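Heads up: the sequence shown is residues 412 to 510, going by my numbering.
Every residue, glycine too, gets a C-beta built ideally from N, C-alpha and C.
Please read these numbers as outputs of a predicted model, since none were measured by experiment.
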Amino acid sequence: MQIQCLEVNPENFSHLDFSTNEVFKTVNGNTEKSVTGEALENPFNAVIWMAEFLNNRGSELKKGQIVMTGSTFPTYFPQKGDRLEYEVLDVGKTKINIV
């Protein structure tokens with residue numbers, strides 16, 4: 412199975428167990444840990460569910476569409492001066508400073 416992340420080259424993530432793979436969110440030095448895909452056992456199952464849901468209604472997922480399968484943390488609204496880092500273990504991390 413291949414997936415493509417925005418701004419990242421497609422990679423094969425079949426070696427990862429997304430139902431238990433750890434993710435980390437750090438806001439101003441305070442780190443929280445979660446897992447990526449406890450809902451429906453795996454985030455790819457959410458894509459399958461969505462495809463079947465649309466198919467049953469005469470529609471479909473189309474090549475190039477962006478599918479968001481959920482979030483590992485509650486929504487956080489950053490404030491000016493915040494420093495944030497988000498890491499998916501064995502996948503990568505991103506950092507942002509709010510100015």
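Under the DSSP assignment, N456 falls in the alpha helix (DSSP H) whose first and last residues are 454–466. DSSP places T437 in the uninterrupted beta strand (DSSP E) bounded by 433–438.
Nearest in C-alpha terms to T505, of all of S445, V434, I459, is V434.
DSSP places E496 in the strand class (E or B) of the three-state scheme. According to DSSP, V446 shares a beta bridge with E433.
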